[in-house]
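Q: Before I ask anything, let me first share the structure, which is written out below as structure tokens.
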Amino acid sequence: MNEFIPWAEKYRPKSTKEVVGQNLAVEKALDFVKNFRKEKTKALLLYGPPGNGKTSIVQAIANELNYELIEMNTSDFRTADSIKEKIGHAVTQQSLLFKKGKLILIDEIDGIYGNADRGGLPAIYKVLEESNYPIILTANDPWKSSLKTLRQKCALVQMKRVDIRSEVNKLDEIAKKEGIEVEEDVIHEIARLSQGDLRAAINDLQTICQGRKVVRKEDLKEIEARIKEVQIFDTLLAIFKSKDKKIIFDAFNNSDKSPDEILLWLVENIPKEYEKPGEIAEAFNYLSRADVFKGRIIHNQAWGLQSFVNELMCLGVAFAKREKYHKFTRYSPPGILVKMGRSKFARASRDKVAEKIGKVCHCSKKRAVEQFPYFSIILKKRKLEIELEKEEVEYLKKYT
Ligand SMILES: Nc1ncnc2c1ncn2[C@@H]1O[C@H](COP(=O)(O)OP(=O)(O)OP(=O)(O)O)[C@@H](O)[C@H]1O
Ligand SMILES: [Mg+2]
Numbered sequence: 001m002n003e004f005i006p007w008a009e010k011y012r013p014k015s016t017k018e019v020v021g022q023n024l025a026v027e028k029a030l031d032f033v034k035n036f037r038k039e040k041t042k043a044l045l046l047y048g049p050p051g052n053g054k055t056s057i058v059q060a061i062a063n064e065l066n067y068e069l070i071e072m073n074t075s076d077f078r079t080a081d082s083i084k085e086k087i088g089h090a091v092t093q094q095s096l097l098f099k100k101g102k103l104i105l106i107d108e109i110d111g112i113y114g115n116a117d118r119g120g121l122p123a124i125y126k127v128l129e130e131s132n133y134p135i136i137l138t139a140n141d142p143w144k145s146s147l148k149t150l151r152q153k154c155a156l157v158q159m160k161r162v163d164i165r166s167e168v169n170k171l172d173e174i175a176k177k178e179g180i181e182v183e184e185d186v187i188h189e190i191a192r193l194s195q196g197d198l199r200a201a202i203n204d205l206q207t208i209c210q211g212r213k214v215v216r217k218e219d220l221k222e223i224e225a226r227i228k229e230v231q232i233f234d235t236l237l238a239i240f241k242s243k244d245k246k247i248i249f250d251a252f253n254n255s256d257k258s259p260d261e262i263l264l265w266l267v268e269n270i271p272k273e274y275e276k277p278g279e280i281a282e283a284f285n286y287l288s289r290a291d292v293f294k295g296r297i298i299h300n301q302a303w304g305l306q307s308f309v310n311e312l313m314c315l316g317v318a319f320a321k322r323e324k325y326h327k328f329t330r331y332s333p334p335g336i337l338v339k340m341g342r343s344k345f346a347r348a349s350r351d352k353v354a355e356k357i358g359k360v361c362h363c364s365k366k367r368a369v370e371q372f373p374y375f376s377i378i379l380k381k382r383k384l385e386i387e388l389e390k391e392e393v394e395y396l397k398k399y400t
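Under the working numbering, the first residue of the sequence shown is numbered 1, with each subsequent residue one higher.
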């Protein structure tokens, strides 16, 4: 059976021609690598929002020029030692493989924040100085104050969100290669919703195509969850980036999320958006006061106090910042909701498989679940005469 491969990986560009909507960045990066000997700067920093092709461009260039690619990302930046170990030699010695040259990729450099004090950044500066080979760094947000020195050592290239036309073309091409007929409206809608994040768009396309040969507009419901996410991002943006009461409350009142959920989203993302400890402390102080009112509402059924919760939460957090941060922050869903979502997903797949097995074996879903370990063993040896989707077979195989 075919392993499940995310399409975003399967269709990762192998050459720069396959990178869409980033002509200028491709040109600059290629130029930088090819003319490295003549360049004054040793490093190029590609920056921009997630999923727009930063990492892909570097990989495609190495592939295309037949260069050895040395890749590092944030997890390697723990200490100065681990950096030296991994690329210290690589940047000075010649490639041992039969390659024409070397290209160093230091990926997601903004993630180094927090480890910086342990020597990660200075070690990178050293690598930049010593390197005999071109280095390309990537970041979502290069404007962090901690990256100031690094910025000065690099040539900066901004990469915008992928434009909708290019996204549509790519999605169309992938659907065709997969042999799935997807209505034009659907492709457009997926591209629109992704807001220039091509990785997200490809993931959505794969989700919606699963188990289908033809995809119609009705099927878009499947990615509604993401549509909702887009809405919560608007609410967070209003609270984090503005101090205008009207803008903030419009975004808050129009959200499909409950005030409790918005509070969780704020808790998760305040430390990502605000950088000054005083601001973070103040924002959380207001949230804790909002929480006191929430307690009173529940205790005394005093629903009239809800507006205090809303005001403390929205305006408290919004006014905790001194000035708006001109940066892109990748907001993430509250950890607790993600965990709950995962178990919900697991329950849903368990129920589906149980229902199918129950039907064939003439037993209840509950009995069917009890038999899962046996089916798991059988499946590892041979196919079952039950119509199961690929993922369901995988699910059963892993069941112990
Ligand atoms: N401009 C693009 N052209 C073609 N494919 C792209 C492009 N941008 C993203 N993709 C698709 O999305 C996937 C992820 O892209 P990539 O890893 O380059 O994103 P990134 O910009 O490095 O994101 P992050 O900021 O999260 O690291 C790729 O494997 C590819 O399938
Ligand atoms: Mg990347």
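No residue lacks a Cβ here, since even glycine has one placed at the ideal position from N, Cα and C.
(1) Roughly how many whole angstroms lie between the Cα atoms of Leu384 and Ala348?
(2) Is the Cβ-Cβ distance between Glu183 and Lys160 less than 9 Å?
(3) Can you check DSSP and say which residues form a bridge with Met72?
(4) Is Thr138 near ligand 2, judged by its Cβ being under 8 Å from some heavy atom?
(5) Quick one: is Lys170 near chain B, going by C-beta distance under 9 Å?
(6) Determine the contact status of Pro13 and Ala60, defining contact as a CB-CB distance below 9 Å.
(7) Less than 9 Å between the beta carbons of Lys356 and Lys380, yes or no?
(8) Would the beta-carbon of Ile136 fall within 9 Å of that of Leu103?
(9) Closest to Ala320 by C-alpha separation, out of Gln301, Asp291, Pro277, Phe308, would be which residue?
(10) When the distance is taken between beta carbons, is Ile208 closer than 9 Å to Ile174?
(11) Leaving out five residues before and five after Pro333 in sequence, what residues of the same chain have Cβ atoms less than 6 Å from its Cβ?
(12) My output table needs one value for Ala371: the three-state DSSP class, helix, strand or coil.
(13) Please state the DSSP three-state secondary structure of Val393.
(14) Could you check whether the Cβ of Glu18 sits closer than 8 Å to any heavy atom belonging to ligand 2?
(15) Our contact map puts Pro259 next to Met313 with C-beta atoms below 8 Å; I'd like the distance itself, whole angstroms only.
(16) Report, in whole angstroms, the separation of the C-beta atoms of Tyr47 and Leu156, which I expect to be a contact under 8 Å.
(17) Compute the minimum distance between the beta carbon of Asp141 and the heavy atoms of ligand 2, and state whether it is under 8 Å.
(18) Taking its Cβ as the centre, do 16 or more other Cβ atoms sit within 10 Å of Arg382, making it buried, or is it exposed?
(19) Whole angstroms is fine: what's the gap from Arg212's alpha carbon to Lys352's?
(20) Can you check the segment 26–51 for any beta strand (DSSP E) of at least 3 residues that lies completely inside it and give the ranges in chain order?
(21) Which whole-angstrom value describes the C-beta separation of Val407 and Val162, a residue pair presumed to lie in contact below a C-beta threshold of 8 Å?
(22) Have a look at Ile377 and Phe240 and give me their C-alpha separation to the nearest angstrom.
(23) Is Lys221 near ligand 2 - that is, is its Cβ less than 8 Å away from at least one heavy atom of it?
(24) So is Pro142 buried or exposed if we call it buried at 16+ other beta carbons inside 10 Å?
(25) From what residue to what residue does the alpha helix (DSSP H) around Thr55 run?
A: Reading off the structure:
(1) Looking at the two C-alpha atoms, the distance is approximately 21 Å.
(2) In this structure, Lys160 does not lie closer than 9 Å to Glu183 by Cβ.
(3) DSSP, once it has assigned bridges, lists Ile106 as partnering Met72.
(4) Yes, Cβ of Thr138 sits closer than 8 Å to a heavy atom of ligand 2.
(5) You won't find chain B in this structure, because it holds only one protein chain.
(6) Cβ distance < 9 Å, so Pro13 and Ala60 count as in contact.
(7) Cβ distance not < 9 Å, so Lys356 and Lys380 don't count as in contact.
(8) Yes, the pair counts as a contact, with Cβ atoms nearer than the cut-off.
(9) Selected option, being the one with the closest Cα: Pro277.
(10) Result no, Cβ atoms of Ile174 and Ile208 do not sit closer than 9 Å.
(11) Contacts found: none.
(12) Per the sequence shown, residue 371 should be read as Gln rather than Ala. Helix, per DSSP.
(13) Note: Val393 maps to helix in three-state DSSP.
(14) Checking every heavy atom of ligand 2 against the Cβ of Glu18, none is found closer than 8 Å.
(15) The C-beta distance from Pro259 to Met313 rounds to 7 Å, short enough to meet the 8 Å contact threshold.
(16) The beta-carbon separation of Tyr47 and Leu156, rounded to 7 Å, stays under the 8 Å limit for a contact.
(17) Relative to ligand 2, even the nearest heavy atom lies 8 Å or more away from the CB of Asp141.
(18) Burial call: exposed.
(19) Their backbone Cα atoms lie some 17 Å apart in a straight line.
(20) If only uninterrupted beta strand (DSSP E) runs of at least 3 residues are considered, those enclosed by the segment 26–51 are 43–47.
(21) Absent from the structure is residue 407, since the part of the chain shown begins at 1 and ends at 400.
(22) CA-CA distance, Ile377 to Phe240, rounds to 52 Å.
(23) No - ligand 2 has no heavy atom lying nearer than 8 Å to the Cβ of Lys221.
(24) That one is buried.
(25) Bounds of the alpha helix (DSSP H) holding Thr55 are 54–65.
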